[in-house]
Amino acid sequence: MSFLIRACLAIGILSYLAAHRDDPGLAARPTAPSVENAASLAWDALPSDVREKALRQGADALVQKVAGSVASASRDTLAEADRRPAWRGVDER
Numbered sequence: 004m005s006f007l008i009r010a011c012l013a014i015g016i017l018s019y020l021a022a023h024r025d026d027p028g029l030a031a032r033p034t035a036p037s038v039e040n041a042a043s044l045a046w047d048a049l050p051s052d053v054r055e056k057a058l059r060q061g062a063d064a065l066v067q068k069v070a071g072s073v074a075s076a077s078r079d080t081l082a083e084a085d086r087r088p089a090w091r092g093v094d095e096r
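Dropping the structure here:
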């Protein structure tokens with residue numbers, strides 16, 4: 004019974020929100036800042052030399068990761084026979 008009540012409540016709330024989606028009164032209410040907005044504010048608060056240093060270090064780390072993955076791409080020591088699973092089942096007669 005509680006499942007039916009919760010389902011009706013959820014459907015009712017979603018229907019109400021869908022009907023009032025374009026209501027300007029709902030959009031005018033203050034909301035919490037989004038994560039992107041907070042990150043942008045934090046980034047803008049940094050001094051320019053710190054931002055440049057962070058960008059440079061991030062780019063260097065990215066280049067090292069990409070270059071390291073290209074150099075270490077052939078560490079596979081399996082033979083072609085090792086990659087094929089052993090046959091499990093009845094042999095053909």
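Going by my numbering, 52 is the number at position 49 of the sequence shown; the sequence numbering is gapless.
In this text, a Cβ means the ideal position worked out from N, Cα and C, and glycines have one as well.
Every value quoted in this text rests on a predicted model; they were computed, and no experiment measured them.
What residue range is occupied by the uninterrupted alpha helix (DSSP H) comprising residue i?
i: residue 82; result: No alpha helix (DSSP H) contains residue 82, which DSSP labels as neither H nor E.
Do residue i and residue j have their C-beta atoms closer together than 8 angstroms?
i: residue 46; j: residue 54; result: yes
DSSP three-state call for residue i: helix, strand or coil?
i: residue 13; result: helix
i: residue 92; result: coil
i: residue 25; result: coil
i: residue 20; result: helix
i: residue 65; result: helix
i: residue 7; result: helix
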